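Structure first, commentary second.
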Amino acid sequence: MKSSLAALLLCAAGLLIQNLGAQPADVPRKLFQTTEAKAEHGDAVAQFALGVMYQYGEGTKTDLVEALKWYRKAASQGQSDAQARLGLIYSNGLGVGKNEAEGQAWFEQAFPDVRAKAALGVAESQVSLGIIYRYGQFPAKNDVEAIKWFLLAARQGHALAQGAMADAYARGIGVTKDEREAAGWALKAAEQGGAVAQFNLGRMYEFGRGVAKAEAEAAKWYRSAAEQGDTSAQLALGFMYAKGQGVVKDAAEAVKWYRKSAEQGGIHAQFYLGLKYAQGAGIPKDEIEAYKWWLLAGAQGVEAAKENYAILERSFTPEQRAEGQRLAREFKPKTAVPSDENVARGALAEPRPISSGTGFLITEDGYLITNQHVANEGSTVRALTAAGAISAKVVKVDKANDIALLKAEGKFTALPVIASRGVRLGATAATVGFPNTGLQGFAPKLARGEIASLAGAQDDARHFQISAPIQPGNSGGALVDERGNVIGVVVAKLSQRAALATSGALAENVNYAVKSSYLLSFLESVPEVAAKLKEAHTKDRKFEDVVKSVEQATVLVLVY
5 MKSSLAALLL
15 CAAGLLIQNL
25 GAQPADVPRK
35 LFQTTEAKAE
45 HGDAVAQFAL
55 GVMYQYGEGT
65 KTDLVEALKW
75 YRKAASQGQS
85 DAQARLGLIY
95 SNGLGVGKNE
105 AEGQAWFEQA
115 FPDVRAKAAL
125 GVAESQVSLG
135 IIYRYGQFPA
145 KNDVEAIKWF
155 LLAARQGHAL
165 AQGAMADAYA
175 RGIGVTKDER
185 EAAGWALKAA
195 EQGGAVAQFN
205 LGRMYEFGRG
215 VAKAEAEAAK
225 WYRSAAEQGD
235 TSAQLALGFM
245 YAKGQGVVKD
255 AAEAVKWYRK
265 SAEQGGIHAQ
275 FYLGLKYAQG
285 AGIPKDEIEA
295 YKWWLLAGAQ
305 GVEAAKENYA
315 ILERSFTPEQ
325 RAEGQRLARE
335 FKPKTAVPSD
345 ENVARGALAE
355 PRPISSGTGF
365 LITEDGYLIT
375 NQHVANEGST
385 VRALTAAGAI
395 SAKVVKVDKA
405 NDIALLKAEG
415 KFTALPVIAS
425 RGVRLGATAA
435 TVGFPNTGLQ
445 GFAPKLARGE
455 IASLAGAQDD
465 ARHFQISAPI
475 QPGNSGGALV
485 DERGNVIGVV
495 VAKLSQRAAL
505 ATSGALAENV
515 NYAVKSSYLL
525 SFLESVPEVA
535 AKLKEAHTKD
545 RKFEDVVKSV
555 EQATVLVLVY
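In the numbering used here, the protein residues as written are 5 to 564.
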């Protein structure tokens, strides 16, 4: 029988379950409703439980913004498990900007109460204590102690703890590496119905890690996870059908599972679905559909998809290209819907953004800048800030200069914008952004270089050419001088393909930023913003201090 993680932790706390009066199959949705009501009335344990439900999609759709909100509410009332979860989130940058100092502060606050409850045998607090020892610096990072507490919770049937034990044995963290032991714990977690655990167990069977290699068994576990909406499992099951591993080879069935993953935003599934459309394998050949899926995957950093859609573009008519781009623009990722079955952690697919870029705050009350090609009018936008994910709306755009002004609610660190007229050739310039998040992760990345030219491509006076190494995803970031003043907005990287076609040589590290004078002219058309801009930094500063302030004001822009 499957057991809900949220139900387990609530039972451990002795709350919410007694008067539910529901059959097991009805527990997730009814439990969510009951928990939500208690959370809204200020019950700290219910607020923590609601955060878990939102994080893992138990009885509701996955929503990391809501999860963080409810963890914070619970933590502010002293709920120590919520404090430990916030420590984990901020220390590792899970859906928020990585902030180790804040993460450690939450761990330190949680530790005394978590330790006391763990000693009394509360499984959820044993997991929290394991998290603190595994990822914290207070009292001291100690993998052996972490595993001790994970093991105690795992023996009580806590699915997250069982998954942690599987990971520990698979990687030799706090214990001697033992793939057989890892597989045993993975099986226990998978049997509780968690899609992530089922996918991991499928990988073990597919590659013979800790178990005898058994492709049919791998396909079985992939299917269990895939049917719950896990995009990685759907992709893996598609591969199994495409290659005839563990199942009868079936191109149409492969397409079916690629599509399920792709439609939920799985970027690699989007690439392979495009490939099937281009080949006409398991589905009628349709190059416009192939183009659409490759555009979507390419926007998320899949380089092979970019190469493939560029090849199609050379043979397309303008009408074909426009149609494919329209289809890609209108694509909205699906979210798996909770069924009346018991929904285990990780089972629901999180909505995936169709594109992403970088932005930066220019006022302390939430006005921020990015590129117009990142966030256009009418876009649904979220910004990942140091404080978490927040909604933002597009206020105004300047299409000619590729600038978009957005507004989010809250109090933030902002950067001063100065006129770029005084910038000199060879001056140091830097940017912080989120390049290739699908490959490089969500931690902000620094790129430093010089002003390589006071004009852009074909002597475009609106742009600087910069030597700072820019990659897809840096678009919209602030270009700052040595004092931390904004002197430009990163907009483009010279296409190597275009350079090769034009000159016969590859362009190396040729990147552009629109000058801040054009940004200031744009902002003058929005008086309420222009009046709130910060004063320029006029004194020399340590570069480390400049980077810190830029990082605090930089956001990851996600467009849905």
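All C-beta atoms, glycine included, are put in the ideal place defined by N, C-alpha and C. Model, not experiment: these values are computed from the prediction.
Rounded to the nearest whole angstrom, the C-alpha separation of Lys289 and Ala387 is 38 Å. Annotation note: the segment 120-190 contains the following uninterrupted alpha helix (DSSP H) runs of length 4 or greater, listed N- to C-terminal: 127-139, 147-159 and 163-175.
In the DSSP secondary-structure assignment, Asp67 is not bridged to any residue.
Counting every other CB atom within 10 Å of its CB across the protein chains shown gives Ala222 a total of 16 or more, marking it as buried.
Glu413 and Glu368 have their alpha carbons spaced roughly 10 Å apart. Taking 8 Å as the upper bound for CB-CB distance, Ile366 and Val421 are in contact here, some 6 Å apart. Along the length of the segment 94-123, whole alpha helix (DSSP H) runs at least 4 residues long occupy 104-123, reported in chain order.
Cβ atoms of Ser520 and Gly480 stay farther apart than 8 Å, at about 14 Å. The residue from Gly477, Gly125, Asp485 and Ala434 with its alpha-carbon nearest to that of Gly426 is Asp485. Looking at the DSSP output, Phe547 bridges to nothing. If you draw a straight line from the Cα of Leu527 to the Cα of Asn478, it comes to about 22 Å. No Cβ-Cβ contact shorter than 9 Å links Gly453 with Arg545. Asp464 counts as exposed, since fewer than 16 other beta carbons sit within 10 angstroms of its beta carbon.
Checking the DSSP bridge columns, you'll see Ala396 partnered with Val385 and Ala412. The continuous alpha helix (DSSP H) containing Thr235 extends over residues Thr235 to Lys247.
Taken atom to atom, the span from the alpha-carbon of Val494 to that of Lys77 is near 37 Å.
If only complete runs of 3 or more residues are kept, the segment 437-484 shows the beta strand (DSSP E) at 449-457, 467-470 and 482-484, in order along the chain. Going by DSSP, Val533 is part of the alpha helix (DSSP H) stretching over Pro531 to Ala534. In this structure, the CA atom of Leu429 is about 25 Å from the CA atom of Glu555. For Ile491, the three-state secondary structure derived from DSSP is strand.
In this chain, Ala418 is not harboured by any alpha helix (DSSP H), its DSSP state being neither H nor E.
In the DSSP assignment, Leu331 falls within the unbroken alpha helix (DSSP H) covering Pro322 to Glu334. A distance below 7 Å between beta-carbons, with the five flanking residues on each side excluded, links Glu210 to the following residues of its chain, in chain order: Glu219 and Ala222. In this model, Ala282 and Leu419 are separated by some 46 Å (Cα to Cα). DSSP places Asn405 in no alpha helix (DSSP H); its state is neither H nor E. DSSP places Ala223 in the uninterrupted alpha helix (DSSP H) bounded by Glu219 to Ala230.
For Ser360, the pairing in a beta bridge is given by DSSP as Leu562.
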